[in-house]
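> In this note's numbering, the protein residues as written are 7 to 175.
Every residue gets a Cβ at the ideal spot worked out from N, C-alpha and C, and that includes glycine.
Being a predicted model, the structure only gives us computed values, none of them experimental.
Laid out in structure tokens, this is it:
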């Protein structure tokens, strides 16, 4: 069983929550979210927010908090071989109470199909109680999602900027 090694990133000004599935092997090795250079998460967020991508872990945390973005993963524990979401079994869902209690999250986004599946199966009631809305599925920024070009990901992820501006999606 692998246990999630990171704390959620959020503060009282966080407006949206982006949930991944579970940290990749590379992220677990380097000790922070989305550290695989092939993962397009940081580049996509920077592009939709029209700012340079953050480089260091400290810059990434400041970047998220400055833009009202909280991040965590939908699974706190699972059996997983490598980094493939398809190989995730025995999923234990994350508890989002600390995030919902410490921030006014208006919308939850799931980064990819597996994250969305975990949200729908285990976390939907928590999410609905906190936000009044179900989780929104976004295409995965993972390198495994090769049929989505960077440009297409940016187009699909623009809903995040609308949520940050308070526009209903």
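#1: Taking residue 173 as part of the beta strand (DSSP E), name the residues at either end of that continuous run.
#2: Helix or strand or just coil, what does DSSP make of residue 40?
#3: By Cβ distance, which residues of its chain are closer than 7 Å to residue 79, with the 5 residues on each side in sequence left out?
#4: Taking 8 Å as the threshold, find out whether the segment 143 to 155 comes into contact with the segment 113 to 132 through three or more Cβ pairs.
#5: Within 10 angstroms of its Cβ, does residue 134 collect 16 or more other Cβ (buried), or is it exposed?
#6: At what residues does the beta strand (DSSP E) containing residue 136 begin and finish?
#7: Less than 8 Å between the C-beta atoms of residue 44 and residue 108, yes or no?
#8: Less than 8 Å between the beta carbons of residue 55 and residue 114, yes or no?
#9: In terms of residue numbering, what span does the alpha helix (DSSP H) encompassing residue 71 cover?
#10: Applying the criterion that 16 or more other CB atoms from any shown protein chain within 10 Å of the CB defines a buried residue, is residue 20 buried or exposed?
#11: For residue 159, I'd like the list of residues in its chain whose CB is within less than 7 Å of its CB, leaving aside the five on either flank, ordered along the chain.
#12: To which residues of the same chain is residue 105 closer than 8 Å at the C-beta, ignoring the five residues directly before and after it?
#13: Would you kindly work out how many angstroms separate the C-alpha atoms of residue 136 and residue 173, rounded to a whole number?
#14: Can you pull the DSSP bridge partners for residue 126?
#15: Would you tell me roughly how many angstroms separate the C-alpha atoms of residue 32 and residue 138, rounded to the nearest one?
#16: Could you tell me if residue 58 is buried or exposed, where buried requires 16 or more neighbouring beta carbons within 10 angstroms of its beta carbon?
#17: What is the residue span of the beta strand (DSSP E) that residue 87 lies within?
#18: Using the beta-carbon count (16 or more within 10 Å), is residue 87 buried or exposed?
This is what the structure gives:
#1: To locate residue 173, count along the chain shown from 1; it is residue 167. No beta strand (DSSP E) holds residue 173; DSSP gives it neither H nor E.
#2: What you label residue 40 is simply residue 34 of the chain shown in a count that begins at 1. Three-state DSSP puts residue 40 in coil, outside helix and strand.
#3: As a first step, residue 79 is located in the chain shown; it is residue number 73 there, counting from the start. So the qualifying residues of the chain are 10, 25, 26, 27, 28, 29 and 100.
#4: Flag = yes, the segment 143 to 155 and the segment 113 to 132 touch.
#5: Here the question's residue 134 lines up with position 128 in the chain shown. By the neighbour-count rule (16 or more Cβ atoms within 10 Å), residue 134 is not buried but exposed.
#6: Walking along the chain shown from the start, residue 136 turns up at place 130. Residue 136 -> not in any beta strand (DSSP E); alpha helix (DSSP H) instead, spanning 130 to 137.
#7: As a position in the chain shown, residue 44 is number 38, starting the count at 1. As a position in the chain shown, residue 108 is number 102, starting the count at 1. With a cutoff of 8 Å on beta-carbon distance, residue 44 and residue 108 are scored as not near each other.
#8: Position 49 of the chain shown holds residue 55. Position 108 of the chain shown holds residue 114. Taking 8 Å as the Cβ cut-off, residue 55 and residue 114 do not qualify as a contacting pair.
#9: By one-based count along the chain shown, residue 71 stands at place 65. Segment 63 to 72, the alpha helix (DSSP H) holding residue 71.
#10: Start at 1 with the first residue of the chain shown, and residue 20 comes out as number 14. Its Cβ being crowded by 16 or more others within 10 Å, residue 20 is buried.
#11: Stepping through the chain shown from its first residue, residue 159 is reached at position 153. Excluding sequence neighbours, residue 159 sits near 46, 50, 145 and 147.
#12: Residue mapping note: residue 105 aligns to position 99 of the chain shown, counting from 1. For residue 105, where only same-chain residues beyond five positions count, the Cβ hits under 8 Å are 14, 16, 20, 23, 76, 78 and 111.
#13: By 1-based counting over the chain shown, the position of residue 136 is 130. By 1-based counting over the chain shown, the position of residue 173 is 167. Distance between the alpha carbons of residue 136 and residue 173: 18 Å.
#14: For the purposes of this step, residue 126 is identified with residue 120 of the chain shown, where counting begins at 1. Looking at the DSSP output, residue 126 shares a beta bridge with no other residue.
#15: The residue you call residue 32 lines up with position 26 of the chain shown. The residue you call residue 138 lines up with position 132 of the chain shown. So the two alpha carbons sit approximately 35 Å from each other.
#16: Here residue 58 corresponds to residue number 52 of the chain shown, with the count starting at 1. Its Cβ having fewer than 16 others within 10 Å, residue 58 is exposed.
#17: By one-based count along the chain shown, residue 87 stands at place 81. No beta strand (DSSP E) contains residue 87, which DSSP labels as neither H nor E.
#18: In the chain shown, the residue the question calls residue 87 occupies position 81. By the neighbour-count rule (16 or more Cβ atoms within 10 Å), residue 87 is not buried but exposed.
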